[in-house]
Amino acid sequence: MGPPDFPCGTGVSDPARAAAFVARRTERIQLRLAHKPELAPPTFAAQRFAALDRISDGRVSVQLVTPTSTSTSTSTVGRTHEVQLPEEEAHERTREYAQILKLAWTTRTQFDYGGTHYQVNDFASEVFPVRQPRPHLTFSGSSPAAFRTGGAEADGFHLPAAPSRTLAEQIGWVRAAARFAGRSGVPTIQVGFRPILAATEKLAWEKARATLHAVRARKANRGSLERHTLLVGTPETVAAALLDHYDLGATAFLGWGFDLLSDAVEFGRQVIPIVRYEVARREASGARPGATRGTPGADPHAGEAWTTHEAVEHDWLWRRGAAGGGPLARPKLSRRRRSTTSISASRVSRPAVSNVLGDAIDFGRYVIPLVRE
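Those letters in the sequence shown? Residues 91 to 463, by the working numbering.
What follows is the structure in C-alpha cells.
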C-alpha cells in the first residue's frame with residue numbers, strides 16, 4: 091500500500107496539521123500531502139512542507155493537484171475559494187509552482203523567479219528539508235497538458251489502474267515529455283486503485299456491488315461521488331493485475347480500501363507477499379519494470395480481456411481475464427512461501443522489509459480518527 095494521503099481543499103481539515111500529528115507519532119509511514127497551488131503562495135508552502143519534512147525526519151512528499159475549469163468533478167467543496175483556469179493555463183501555473191518549490195528547498199541564497207503566474211523577488215528560505223536534495227513531487231492527470239507538466243517537473247507520476255494498452259500509452263507520454271524537457275531521468279510511475287478482495291471471483295463482485303451501494307447511500311446527500319478504479323477479485327487475480335502494471339513500468343502501487351484498517355491488513359497479508367515474490371523472481375531473471383510485457387515474442391496485448399463489468403454512476407469496475415472471459419491463471423506460490431515472504435508496505439521493488447501490520451495499526455490509531463472528524 092502507498093503512503094497515506096492527506097487531502098487538500100477548503101472543505102477539509104488542514105492536511106499539514108494532520109500530517110504533523112501523524113509524523114510525531116510514527117517512525118516508518120511515508121507522508122504524502124496533496125496540495126493545490128491556488129491555496130497558498132509557493133514560497134509559503136515550500137517552508138511549510140520543509141518544516142514538516144524536518145518533523146518527520148525526511149518522510150514527506152507532495153502531490154500537486156491541478157483543478158481546471160474543464161474538471162468533471164461534481165463536488166462543490168471549496169469552489170468559492172478556488173480559481174479554476176483553462177486546462178493548459180492551469181498546468182502551466184502548476185509547473186511554475188513546482189519550480190519555485192524546488193528553488194526554495196535547494197537554494198541557500200536569495201533568488202528571483204519571473205513567470206507568467208508567479209513573481210518572486212529576493213526570497214531566501216529559512217527552513218530546509220531533511221530529505222536530500224529535496225522532498226519528492228508527484229503529479230497526476232490524463233491530459234496532454236498534465237503529461238507535459240509532470241514529465242518535465244515530477245519525481246513521480248500517478249496514474250489510475252487501467253487496461254495494459256491504455257497504461258502503456260500513458261507511461262509512454264510521460265516519458266516522452268520528460269525526454270522533451272531535457273531530463274536525464276524520467277518520473278517513476280505510481281498506479282492507484284481500490285482493491286476489493288474475496289475468496290472467489292463471484293464473492294468479490296458481490297462484495298464490490300454491496301460496497302458501491304453503501305458508498306452511494308453514504309454520499310447521496312453530499313452532492314458528489316468520486317471516480318474510482320477498483321481492482322476486484324481474489325488476491326491472486328488482483329496481484330496478477332498489479333504485476334501486469336509492474337511489467338509495463340509501474341514501480342509503486344497506491345491502494346486504499348473502503349474500510350481503511352481492515353482492508354489494509356487484508357491487502358498486506360494476502361496480496362503484497364505474492365507481488366513481492368513475483369517481482370523478486372523477475373529481478374532475479376534480469377527483468378526490470380517496463381521490460382517484460384507478457385510472453386516473449388508475443389503481442390503484449392494479445393489474450394487480454396479487460397472489460398467494464400458494471401458502471402455505477404462515477405465508479406469504475408474493471409475485471410481482468412484471459413481471452414474469452416476465462417479466469418486469470420493464478421501465480422504459483424506455495425503455502426510456505428506465502429507465509430515467509432517479506433512484505434513491503436509501499437514500493438514493491440524496495441529490498442527493505444516493512445511491517446505492514448504495524449503500519450496498518452499505526453494508521454488506524456492516528457490517521458483514521460482525524461479523517462473521520
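Where is the CB? At the ideal position from N, CA and C, for every residue including glycine.
Pick from the options that is closest to residue i, judged by C-alpha positions
i: G345; options: F357, D337, S352, G339; result: F357
i: D349; options: E179, Q360, P285; result: P285
i: A236; options: P157, R299, T301; result: P157
i: T341; options: W195, V365, I279; result: I279
i: A266; options: L249, T206, T239; result: T239
i: V152; options: Y187, P176, E178; result: Y187
i: F453; options: Q360, S352, H318; result: S352
i: L191; options: D245, S233, Q174; result: D245
i: R149; options: P131, P132, I119, L129; result: I119
i: E182; options: A289, D104, R122, G205; result: G205
i: A268; options: Q174, P234, R138; result: P234
i: T290; options: Q209, A304, G323; result: G323
i: T327; options: R122, F139, V361; result: V361
i: T133; options: S215, T184, E117; result: S215
i: T196; options: Y336, A110, V220, A124; result: V220
i: L123; options: P277, R308, A110; result: A110
i: P140; options: H303, A194, R185, L175; result: What sits at residue 140 in the sequence shown is Ala, not Pro. Of the candidates H303, A194, R185, L175, the one whose C-alpha sits nearest the C-alpha of A140 is A194.
Residue i - DSSP class collapsed to helix/strand/coil
i: Y208; result: coil
i: I279; result: strand
i: A124; result: strand
i: A340; result: strand
i: R273; result: coil
i: L423; result: Bear in mind that the predicted position of L423 carries a pLDDT of just 40, short of 50, making it unreliable; the figure below should be weighed with that in mind. DSSP places L423 in coil when its eight states are reduced to three.
i: R299; result: helix
i: F453; result: helix
i: I458; result: helix
i: P363; result: helix
i: D389; result: Summary for D389: the model assigns pLDDT 32, below 50, so the residue's position carries little reliability, and this model does not support an answer.
i: I261; result: helix
i: I286; result: strand
i: E403; result: For E403, the predicted model reports a pLDDT of 31, less than 50, meaning its position is unreliable and no value from the coordinates is stated.
i: S254; result: helix
i: V305; result: helix
i: T158; result: strand
i: Q222; result: coil
i: V328; result: helix
i: V369; result: helix
For residue j and residue i, the rounded distance between their alpha carbons
i: A271; j: A242; result: 5 Å
i: E259; j: H226; result: 24 Å
i: G275; j: R114; result: 33 Å
i: R107; j: L142; result: 9 Å
i: D334; j: T301; result: 25 Å
i: R198; j: D212; result: 12 Å
i: S254; j: Q222; result: 34 Å
i: V264; j: Y203; result: 26 Å
i: G282; j: I364; result: 18 Å
i: G262; j: Q189; result: 23 Å
i: R359; j: V305; result: 25 Å
i: R138; j: R366; result: 35 Å
i: Q200; j: A307; result: 53 Å
i: T170; j: P105; result: Its pLDDT being 41, under 50, T170 is placed unreliably by the model, and the measurement read from it follows with that caveat. T170 and P105: Cα-Cα distance of roughly 19 Å.
Enclosing alpha helix (DSSP H) for residue i [first to last residue]
i: R115; result: 105 to 115
i: S352; result: 350 to 360
i: G380; result: First-last for G380: undefined, no H or E at that position.
i: T239; result: 234 to 243
i: F139; result: 132 to 145
Enclosing beta strand (DSSP E) for residue i [first to last residue]
i: T199; result: First-last for T199: undefined, no H or E at that position.
i: L175; result: That residue, L175, is in no beta strand (DSSP E); it is neither H nor E in DSSP.
i: G323; result: 319 to 323
i: F247; result: 246 to 250
i: L227; result: 226 to 230
Short CB-CB distance (under 8 Å) between residue i and chain D
i: L350; result: Absent here is chain D; the protein component of the structure consists of one chain.
Nearest-angstrom Cβ-Cβ length linking residue i and residue j, presumed shorter than 8 Å
i: L320; j: A298; result: 6 Å
i: L338; j: G380; result: 6 Å
i: H248; j: F218; result: Not quite, the Cβ-Cβ distance comes to about 26 Å (not below 8 Å), so this is no contact.
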